[in-house]
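Chains A, B, C and D, in that order, give the protein sequences.
Numbering-wise, the first sequence is residues 8 to 151 according to the working numbering.
Numbering-wise, the second sequence is residues 176 to 839 according to the working numbering.
Numbering-wise, the third sequence is residues 217 to 548 according to the working numbering.
Numbering-wise, the fourth sequence is residues 7 to 348 according to the working numbering.
All residues carry an ideal CB built from backbone N, CA and C; glycine is no exception.
Keep in mind the model is a prediction, meaning the values are calculated, not measured.
Read through the structure below, which is laid out as structure tokens, and then see the notes.
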Amino acid sequence: MQVTEYKPLIVAFCCNWCSYAGADLAGNNRLAYPADVKIIRVPCSCRVNPTFILRAFQRGADGVIICGCHPGDCHYTSGNYYTRRRMATLFSMLDFLGIERERTRVEWVSAAEGAKFAATMNEFAQKVAALGENKRLEDLRCKK
Amino acid sequence: MQRVGVFVCWCGSNIAGTVDVQAVSEALKNEPGVVFSANYQYMCSQAGQEMIKTAVKEHHLTGIVVCSCSPRMHEATFRKTAVAAGLNPYMVEIANIREQCSWVHKDVTAGTEKAIILGKAAIAKVNLNTPLTPGESPVTKRALVIGGGIAGIQTALDIADAGFPVDVVEKQPTIGGKMAQLDKTFPTLDCAACILTPKMVDVAQNDKIRIFSYSEVTDVRGFVGNFDVTIKKKARFVKEDVCTGCGACVEKCPMKKIPNEFNLGMDNRHAIYIPFAQAVPKVATIDPDACNMLKNGKCGICSKVCAAGAIDYKQKDEIIEETYGAIVVATGFNPISMEKFDEYAYSQSKDVITSLEFERLTNAAGPTAGMLVRPSDGKHPHTLVFVQCVGSRCESCAEKGKEYCSKICCMYTAKHAMLTRDKYPDTEVYVFYVDVRTPGKNFDEFYRRAVEEYGVKYVKGMVGKIVPEGDKLKVQASDLIANKQLHLDADLVVLAAAIEPDHSARPLATMLTASMDTNDFFTEAHPKLRPVESPTAGVFLSGTCQGPKDIPETVSQAGAAASKVIGLLVKDKLTGNPCVAIANELTCNGCSSCERVCPYGAISYLDKEFRMPDRTTKIRRVASVNPAVCQGCGACTVACPSGAMDLNGFMNNQIMAEVDAICK
Amino acid sequence: MQKITREQLIDQASELLANGTVSTVLGWGAGEFGYDVTPTLFKTAEEMQNGFVFNDFCGANFSKYLVSKTKTLEGKLLVFLKPCDTYSFNQLLTEHRFDREKVYVVGIPCEGMADIAKVKEISGEGISSIASDGDRIVVTTLYADAPVKIDARNVLAERCIHCKSKKHVAYDTLLGEEGDVVASARFDEVTRLESMTPDERFAFWQNELSKCIRCNACRDACPACTCETCVFDNPKSGVENKSPSNSFEEQMFHIIRAFHVAGRCTDCGECARVCPQNIPLHLLNRKFIKDINTFYGEYQAGAEVGSRSPLTDYTTEDLEPSEIFVGRNEHA
Amino acid sequence: MLKCSLDNVQTLFAEIAKEAKLYLPIDNADGTAVFGEWSRGVAWSNALNTAKSPKDFFFPQTEDLMRFRTEGKKIEVIDVRRESDDFVVFGVRACDVKSFDVLDRVFLSEPCDSFYAEKRAHGIIVSLACTRPAETCFCGIFGIHAAEPAGDVSAWKTEDALYLRANTEKGTALVARLSSVLEECSDDAVNAQKESIAKIMNKLPLKDLSTEAFGGGKTQDLFHSPAWDALSSACLGCGTCTFVCPTCQCYDIKDFNTGNGVIRYRCWDSCMYSEFTKMAHGNNRLTQKERFRQRFMHKLVYYPENNDGLFGCVGCGRCLAKCPISMNIVKVMKQIGGNKGE
């Protein structure tokens with residue numbers, strides 16, 4: 008029997024200065040990652056509101072990843088430090104509610120780390136694919 | 176509803192190779208708001224841009240979506256195109272279907288599908304775009320330099336050279352800073368005074384530069400281009416413009432046992448004093464804590480002997496308020512206190528001194544007129560021990576010293592050791608070190624000369640304890656290379672004390688809303704790319720307030736800061752980035768959460784009167800963002816629980832629309 | 217069970233009303249059945265004599281009322297605050313939500329308040345009178361032949377069982393003795409949930425949150441929820457809704473609400489107290505508090521005015537989101 | 007009168023459930039009762055009443071009205087109305103049964119609410135007399151008899167048996183198909199229970215609460231009563247009273263963007279909310295006092311004014327038990343009604 012792997016939908020919020028540029032570099036170097044990963048550009052990872060993450064899950068995303076500059080390298084000096092605290096506590100809360108912790112992730116990707124960007128996306132997509140469809144934070148109204 | 180035009184770029188085969196561009200433009204044609212959709216080989220080419228302009232005119236487009244390469248590549252290009260077509264530049268959105276699609280996906284079906292989704296997201300966003308206009312603010316063409324050491328001096332001279340007025344605020348009675356106290360400078364051994372004092376005179380004589388010595392900055396308001404600064408000019412009880420600096424008053428002053436700060440207390444000065452011969456401004460200052468006349472109204476000798484009539488016992492602190500376009504921080508450093516380093520017997524023996532004290536001791540203008548003698552008995556020392564890293568690189572003893580390397584100690588100690596051996600060949604000179612760090616032009620050569628030509632004995636190891644015994648200092652140390660304990664009888668011990676930012680730096684940083692690291696060094700806007708700018712717009716960093724550095728580094732940074740200031744002051748108006756935070760006053764609670772996370776101090780609060788729907792009025796505290804200061808990171812938008820804070824260009828509803836389009 | 221009496225509170229308030237220090241008193245108004253007390257404004261000592269009550273059911277946290285009442289009342293408002301209420305009081309001051317000068321705080325000691333639902337579990341329905349007798353609550357009902365005597369400690373409200381502090385962190389006058397922060401096992405239930413499997417946790421919360429009727433009582437009673445316009449009422453926010461339309465809406469509402477008060481929530485327990493559906497909402501807030509304490513060091517919102525919430529702060533050495541589960545007592 | 011031994015009641019439920027979904031009060035883990043669907047093994051709660059009223063079965067908190075599916079610029083309208091199957095709501099107390107009179111007058115009068123009407127047509131209500139009313143019960147003052155509940159079928163539960171009496175055609179049809187588990191019996195046991203209930207009703211603390219000051223025609227004086235300020239002063243503006251109320255009938259119509267279109271749905275709304283019936287001109291009632299007053303004026307004055315004196319409250323006492331600040335219609339009636347009934 009042919010088993011087709013689940014194709015997850017992944018939303019990646021990337022900060023404009025490091026991670027979005029890292030994603031561009033992955034492109035420049037033709038480093039492949041699944042087309043299921045869709046990037047949304049934000050000025051800084053600290054712009055990512057938990058509401059956006061929940062919204063993505065509501066609308067059918069299976070995984071959400073937030074990428075920002077490495078701690079200490081934030082274009083705005085402190086943005087990613089806030090991101091780090093906000094996402095640590097938010098992810099812990101999602102886990103507390105029984106939502107699979109592998110569906111969310113924060114990764115620091117610099118503008119020079121095209122390879123890391125691609126590798127991260129491949130790995131994340133694989134993990135999310137293994138979890139299958141997001142059922143615990145889905146909104147069936149959006150699937151009709 | 177927007178009238179959106181979609182332009183899909185082939186980028187030759189870069190995009191078209193993996194993405195069916197025709198299918199993309201066809202699919203996007205049906206999206207809400209889209210009235211025109213086309214594809215072309217090179218959208219960024221002249222012809223491509225013309226195509227956009229024509230479409231804007233023919234189809235009355237209000238928004239543009241370009242599906243092409245990364246916005247980091249051509250967003251600016253297409254924004255200019257929009258402007259040329261009569262649109263607001265912020266009505267353009269880019270769908271990145273090259274770097275983030277065609278180049279990373281090999282399958283045409285998957286690539287095309289993704290390109291369509293990215294296009295839809297961009298359309299969803301542009302449907303919610305509003306024209307944005309950058310704010311403008313005028314620039315006051317005057318700079319303030321805080322600190323009159325070599326960093327401040329160099330910055331002020333460079334800015335003045337470009338024709339802009341500069342004010343230098345120095346808290347001491349004279350400018351000159353630490354460099355004025357130094358004897359010789361490494362690695363060339365030219366005398367510090369010989370190279371510094373002409374610059375001090377240049378400052379004094381430059382008609383673009385005003386010196387506020389014996390003054391402090393007490394308040395800073397405003398923002399880049401328009402800082403309103405309050406300067407307190409402390410009363411020196413001598414009319415600065417009348418005093419000729421003749422020194423007659425100093426000679427006759429009966430209060431002559433006041434420890435002389437300039438010589439680090441190694442000799443005395445009078446109650447009325449001029450710190451050193453080449454002081455700028457060369458005017459006397461009365462120390463109010465020491466002067467009998469000021470303390471109890473008895474004396475008045477200086478007034479009598481002053482031929483110019485410059486003494487004014489009734490002088491009051493003067494408050495100066497001035498507006499500046501830019502502020503340069505050059506507050507410098509101090510050696511750390513040796514109080515906590517009891518093992519080196521600093522407080523027990525006068526013959527244990529710091530390196531800066533050693534500088535004064537060997538300086539021809541110093542307390543001993545340059546004769547190297549023991550402070551305790553005036554005798555010539557034969558065995559000298561230099562201890563490196565006293566309080567520097569103190570990982571385990573952070574409560575005593577500093578975790579960082581003070582950077583300059585290795586070189587000045589080599590200098591001290593070399594000069595001692597040169598002048599007094601009968602001496603034995605030991606240097607105890609952890610590492611010798613000599614990166615810098617001619618630095619390692621210099622150090623090697625000290626060892627090889629001058630016979631300075633470098634010992635890798637730390638001094639454990641120094642005990643004064645008789646007229647000797649018993650030094651217990653370890654030699655890590657020979658792996659043995661050393662016991663030396665020294666006549667003089669010199670401690671290379673770590674350096675730390677001046678204590679005035681932290682309150683100043685608060686006033687400037689400039690950020691600092693945990694060591695109280697000012698943080699630069701970017702450690703590599705913007706090393707002389709503070710993250711707070713319009714505030715620049717010069718010298719050791721930003722981190723330990725030697726004189727050449729300080730001077731080059733001072734010049735760099737000056738050039739940044741000049742770049743700012745030549746502008747008549749500052750055009751801001753319109754993608755800044757905006758506070759909705761109607762939903763703002765005034766809770767201060769946003770202010771707490773703003774790295775730029777761009778948010779302030781005001782009590783505003785609101786007319787309520789029931790016709791009553793209510794005064795509420797609400798946030799207000801200064802668009803000239805905000806850099807648009809968006810940290811505030813998430814900190815705000817009521818959603819009152821939003822970010823132009825990346826509004827909540829725009830990002831959610833993108834999410835929706837992607838997750839459909 | 218309370219150590220302080222109604223009369224002491226009336227005396228204190230009467231004095232302050234009489235000497236003009238305050239114009240109005242925010243206290244508890246008597247109800248129909250002894251346990252149904254309503255926050256009430258009193259203007260005179262006489263009004264207090266007639267309608268003021270203080271008993272084991274005076275649980276409501278008055279701090280939030282100060283936001284609106286101080287803006288409309290003339291003169292100073294006297295407010296009675298229990299130790300836990302003073303934390304909310306300070307937190308609101310930190311957030312500039314009212315003018316301290318408009319308030320006169322009388323700190324009152326608290327021995328823990330009773331939960332009427334627990335009383336009824338023992339006494340049964342049909343309460344015709346309820347009174348305190350030392351450490352006991354005496355209930356007469358329509359159906360029991362004799363009055364039912366209940367040890368007040370056995371019917372403590374959940375938040376009082378896990379009382380975190382007997383210390384008043386703000387007051388102008390303190391009645392009774394200065395208390396202390398006390399050790400509590402308030403995180404035990406959070407820990408128990410954490411040690412479940414994700415499936416169990418999910419089932420637990422689905423069961424609880426599915427009861428939500430989106431009445432907003434938790435939000436409207438919460439002293440940290442004082443937004444001029446809540447995002448859930450604001451059509452422009454993108455999350456506005458009036459109904460718990462499905463499990464996602466239920467999760468969304470409670471996750472975002474808990475996140476918005478994270479670092480600001482003092483753990484006063486009003487959310488769980490007022491929930492008509494008995495959802496243990498305080499566990500969500502406590503989870504955030506516990507995480508903040510674990511990740512970033514102990515922090516008690518409202519302990520002092522002006523303190524910086526850990527979520528508006530950072531250190532360069534903070535835990536990475538990928539490290540938050542490391543070392544946790546994990547389910548098998 | 008028909009009778010079923012309590013030992014046999016699960017069989018009775020099974021019989022009912024053969025042809026219609028059966029909902030009855032069941033105990034929740036937290037000690038409250040809720041209406042839940044019966045299936046084999048589900049125990050019938052002994053609680054006096056459920057946390058939420060059975061209103062949900064006919065007027066659910068959220069109900070889709072229609073859908074629009076969009077694709078690009080195309081819009082398709084989808085009718086989501088469905089024919090309801092028959093269902094039985096069992097164990098509805100007298101107060102809650104009465105609430106359907108209140109709701110019917112709103113939803114079934116012209117223009118008839120077809121969503122509600124469809125469910126009313128297919129829902130069969132089996133009521134249940136109250137043997138142990140709570141102190142918060144005051145149905146009696148509105149002329150409701152706890153011992154004589156209406157509904158399609160009335161029921162009484164004694165120590166050992168359940169007694170049933172059909173009142174309507176739907177009720178008759180239901181008991182007819184349950185004949186295998188029901189037996190004819192005399193009214194004696196039920197009459198005895200009614201007597202004992204009457205005695206208890208006479209002891210209830212709120213039994214003498216007067217409705218005299220309320221009803222149609224009293225509008226002006228009550229509206230301008232100075233007591234509203236103090237009564238509404240502590241109101242949090244939450245929707246608890248509204249959402250536990252069996253007679254509240256206000257709803258909002260909202261659109262939900264699914265990403266592929268729009269779901270137009272209605273959901274309960276509360277006149278206590280500041281956003282209630284917000285329109286282009288702003289809000290109708292600007293202060294919490296006005297909103298608070300509206301809720302009680304509506305139940306006690308406006309509704310009876312328009313509905314032959316029928317009050318918009320059935321005295322179920324849920325709001326008394328659930329209000330976070332213990333403000334409620336009883337306190338309002340006593341204050342506004344001139345403290346009568348003390």
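C-alpha distance - residue i paired with residue j, whole-angstrom precision
i	j	result
residue 346/D	residue 306/D	Caution applies to residue 346/D, whose pLDDT of 42 falls short of 50 and renders its modelled position unreliable; the value that the coordinates give is listed next. Taking the straight line from one Cα to the other gives about 15 Å.
residue 237/C	residue 322/C	12 Å
residue 439/B	residue 394/B	30 Å
residue 386/B	residue 363/B	30 Å
residue 225/C	residue 293/C	15 Å
residue 211/B	residue 128/D	53 Å
residue 707/B	residue 31/A	29 Å
residue 244/B	residue 186/B	8 Å
residue 648/B	residue 328/B	41 Å
residue 337/C	residue 373/C	13 Å
residue 267/B	residue 305/B	10 Å
residue 376/B	residue 455/B	7 Å
residue 444/B	residue 349/B	15 Å
Check whether residue i and residue j have beta carbons under 8 Å apart
i	j	result
residue 410/C	residue 103/A	yes
residue 389/B	residue 414/B	no
residue 375/C	residue 498/C	yes
residue 369/D	residue 94/D	For residue 369/D there is no data in the structure shown, the boundaries of chain D being 7 and 348.
residue 255/C	residue 276/C	yes
residue 495/B	residue 384/B	no
residue 348/C	residue 217/C	yes
residue 626/B	residue 560/B	no
Contact set for residue i: own chain, Cβ-Cβ below 7 Å, skip 5 residues either direction
i	result
residue 543/B	536
residue 729/B	325, 326, 718, 719
residue 679/B	346, 506
Cβ neighbours of residue i in the same chain (closer than 6 Å, five flanking residues each side left out)
i	result
residue 177/B	208, 237, 238, 302
residue 126/A	none
CB-CB length for residue i against residue j, believed under 8 Å
i	j	result
residue 275/D	residue 258/D	4 Å
residue 713/B	residue 333/B	Not really, about 17 Å apart at Cβ, beyond 8 Å.
Close-in-space but distant-in-sequence residues of the same chain around residue i (CB under 8 Å, 5 per side omitted)
i	result
residue 138/D	54, 206
- Query: Relative to chain C, which residues along the stretch 43–68 of chain D have a C-beta separation below 8 Å, given in chain order?
  - Reply: 54, 57, 58, 67, 68
- Message: Using a Cβ-Cβ cutoff of 9 Å, what residues of the stretch 91–104 of chain A are near chain C? List them in chain order.
- Response: 91, 92, 93, 94, 95, 96, 97, 98, 99, 100, 101, 102, 103, 104
- Task: Give, in chain order, every residue of the stretch 194–208 of chain B whose Cβ lies closer than 7 Å to some Cβ of chain D.
- Result: 205, 206, 207
- Please list the residues of the stretch 44–56 of chain A that have a C-beta atom closer than 8 Å to any C-beta atom in chain B, keeping them in chain order. 45, 46, 47, 48, 49, 50, 51, 53, 54, 55, 56
- Message: Output needed in chain order: residues of the stretch 474–496 of chain C with a Cβ under 7 Å from some Cβ in chain D.
- Response: 490, 492, 493, 494
- Going along the chain, which residues of the stretch 78–97 of chain D sit with their C-beta nearer than 7 Å to a C-beta in chain B? 78, 79
- Message: Please list, in chain order, the residues of the stretch 312–323 of chain C that have any C-beta partner in chain B closer than 8 Å.
- Response: 312, 313
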